[in-house]
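*Asks:* Take a look at the following structure, please.
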DNA sequence: TTGCATTTTTT
DNA sequence: AAAAATGCA
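In my numbering, the protein residues as written are 48 to 511.
Structure follows, in structure tokens:
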């Protein structure tokens, strides 16, 4: 006799290469459950863009499950409590999940083990990363702090496993637990215009993820240069799909490699996901705490001052007077995503030129990115700010104007800052300097030289 | 301990 | 050419 299996889903919303699903299917009838949990993550509950994505991803997953004779059970509240309750009421013998390494999920997994008691087993599977986080260590057995040696150690263990197929059929229980209605969760924004743009831009769900992979395979060899050119469509745009687990990194790895091509630069980028997990496993508080604690005394401009909040507000709205920064921030607001090269420029501008604490920027990205990921977002913000374990490069202050020219961002600016659309290169990168600033476009918040010198002076204060 | 290395840079 | 500190073998 086989007993009910609970499949507890979080950021692993796929049917293929899903080890928790495979294990559940082999053991008995499966009840797939997703819990919308705004309690467990505390202040890290999903932001607006992530919620939009989640809505569509869950809808797509439910449709996929129904094709296989199953369905998705939706509940909201404390995930550990609810999953335990469902498991007990269904008389389940096991709960299967994919492990997640955000500190709140690690806690919840521990709590769930206790709540399930002796009769129900919690089986945690790995599968959202190329190697199990924590398994890649230095010669002396410590976790890596620096990316390059981490990459070398991990890539020596590649390729990953062959991706597992979608199960033919997912056995259903005789009785389904009660489920909420997705539409009642209010995950979609009240602004219909924004939702319209998002729907044009993205197809959440496993099928959409596969489509992005297909579209990127032929571009992957150009990635080494293409990743720096925001005007061109040469990046994978897989980040939100990977974040929500709609596709496994092992599948992406296998699709991109082979055929004797060199796609190393892209693979390195993919491995940054693994690296970021390796960091938050060492430093669970990485999202809110400087890894280099001398930065705790850094003289950030005081956010209680209305002038500083006003500058921050202009940054969020893409009104800084720096076209490349503004284009990026407006792309983010419109589409829930920003080209990575521009993310670096925009982040550097907030931290160095505006001298605003990186945590304010990270918070904004957390709310507005549809790929918002605790590990990746924190690691990248701390990398730019120089507060991270992996860099001490505060004095690397990106020059937004030369970056804009260097990476040929003219068309990118034309697309996202329409009031500058009529300007030719090179004027469009710095209209103020060339005396071509249209009236509708703001003056620079702070001059480049002035901002740079202020940042260097602030850095000196914590050096001694 | 030593020596080499460190995602994306700047002037 | 310099910035500049610490990880890693």
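Ideal Cβ positions, reconstructed from N, Cα and C, are used throughout, including at glycine.
Using the rule of at least 16 other Cβ atoms within 10 Å of the residue's Cβ for burial, across every protein chain shown, is residue 487 buried or exposed?
*Replies:* That one is exposed.
*Asks:* Span of the alpha helix (DSSP H) holding residue 79?
*Replies:* No alpha helix (DSSP H) contains residue 79, which is instead part of the beta strand (DSSP E) from 77-83.
*Asks:* Measure the C-alpha to C-alpha separation of residue 343 and residue 506 and round it to an integer number of angstroms.
*Replies:* For residue 343 and residue 506, the distance between alpha carbons rounds to 12 Å.
*Asks:* Among the candidates 400, 101, 281, whose CA atom is the shortest distance from the CA of residue 233?
*Replies:* When each option's Cα is compared against that of residue 233, the closest is 101.
*Asks:* DSSP three-state label for residue 310, please.
*Replies:* Note: residue 310 maps to coil in three-state DSSP.
*Asks:* Can you give the Cα-Cα distance for residue 119 and residue 236, rounded to whole angstroms?
*Replies:* Looking at the two C-alpha atoms, the distance is approximately 23 Å.
*Asks:* Using 10 angstroms around the beta-carbon of residue 157, count the other beta-carbons present and answer buried if the total reaches 16, otherwise exposed.
*Replies:* Exposed, by the Cβ-count rule.
*Asks:* Measure how close the beta-carbons of residue 123 and residue 168 come, nearest whole angstrom, since I'm counting them as under 8 Å.
*Replies:* With a Cβ gap of about 25 Å, residue 123 and residue 168 do not count as contacting.
*Asks:* Do residue 298 and residue 283 have their C-beta atoms closer together than 9 Å?
*Replies:* Not in contact: residue 298 and residue 283 (Cβ atoms no closer than 9 Å).
*Asks:* Are the beta-carbon atoms belonging to residue 317 and residue 214 less than 9 Å from one another?
*Replies:* No, these two residues do not count as a Cβ contact at 9 Å.
*Asks:* Can you look up residue 283 in the DSSP assignment and give me helix, strand or coil?
*Replies:* Residue 283 falls in the coil class under three-state DSSP.
*Asks:* Could you pull out every unbroken alpha helix (DSSP H) segment of at least 4 residues lying fully inside the stretch 379-405, listed in chain order?
*Replies:* 387-395, all fully within the stretch 379-405.
*Asks:* Using alpha carbons as the reference points, say which of 223, 198, 414 lies closest to residue 322.
*Replies:* That would be 198, whose Cα lies nearest to the Cα of residue 322.
*Asks:* DSSP three-state call for residue 143: helix, strand or coil?
*Replies:* Of the three classes helix, strand and coil, the one that applies to residue 143 here is strand, per DSSP.
*Asks:* With the cut-off set at 9 Å, would you say residue 217 and residue 72 are in Cβ contact?
*Replies:* Their beta carbons are under 9 Å apart, which means residue 217 touches residue 72 by this criterion.
*Asks:* Could you check whether the stretch 193-211 touches the stretch 293-313, counting it as contact only if at least three pairs of C-beta atoms, one from each stretch, sit closer than 8 Å?
*Replies:* Because the criterion of three Cβ pairs below 8 Å is met, the stretch 193-211 and the stretch 293-313 touch.
*Asks:* Going by DSSP, name the residue or residues bridged to residue 184.
*Replies:* Paired residues: 190.
*Asks:* What would DSSP say about residue 123, mapped onto helix, strand or coil?
*Replies:* Looking at residue 123 - three-state DSSP - the assignment turns out to be strand.
*Asks:* By how many angstroms is the C-alpha of residue 55 removed from the C-alpha of residue 251?
*Replies:* Their backbone Cα atoms lie some 20 Å apart in a straight line.
*Asks:* Using DSSP with H/G/I as helix, E/B as strand and the rest coil, what is residue 436?
*Replies:* Residue 436: coil per DSSP, three-state reduction.
*Asks:* Out of 362, 142, 433, which has the shortest C-alpha to C-alpha gap to residue 411?
*Replies:* When only C-alpha atoms are compared, the closest one is 362.
*Asks:* Does the stretch 444-457 touch the stretch 351-371, meaning 3 or more C-beta pairs lie closer than 8 Å?
*Replies:* Yes, the stretch 351-371 touches the stretch 444-457.
*Asks:* For residue 170, list the residues DSSP reports as bridge partners.
*Replies:* DSSP output for residue 170 lists 143 as bridge partner(s).
*Asks:* Go ahead and label residue 392 buried or exposed: buried means 16 or more other beta carbons lie within 10 angstroms of its beta carbon, across all protein chains shown.
*Replies:* With 16 or more other Cβ atoms within 10 Å, it is buried.
*Asks:* So residue 229 and residue 105 are in contact, right, with Cβ under 8 Å, and what is the actual spacing, rounded?
*Replies:* Right, their Cβ atoms sit about 6 Å apart.
*Asks:* Suppose only complete runs of 4+ residues qualify. What are the alpha helix (DSSP H) ranges in the stretch 447-492, listed by chain order?
*Replies:* Runs found: 447-453, 457-463.
*Asks:* Three-state secondary structure (DSSP) at residue 62?
*Replies:* Looking at residue 62 - three-state DSSP - the assignment turns out to be coil, as it is neither helix nor strand.
*Asks:* Taking the Cβ atom as the reference point for each residue, do residue 66 and residue 145 lie within a distance shorter than 9 Å?
*Replies:* For residue 66 and residue 145, yes; Cβs fall inside 9 Å.
*Asks:* Mind checking who residue 55 pairs with in its DSSP beta bridge?
*Replies:* Paired residue(s): 80, 144.
*Asks:* Quick one: using the 10 Å Cβ neighbour count with 16 as the cut-off for buried, is residue 478 buried or exposed?
*Replies:* The residue in question, residue 478, is buried, as its Cβ has 16 or more Cβ neighbours within 10 Å.
*Asks:* Would you give the residue range spanned by the alpha helix (DSSP H) that residue 303 belongs to?
*Replies:* Here the alpha helix (DSSP H) through residue 303 covers 296-303.
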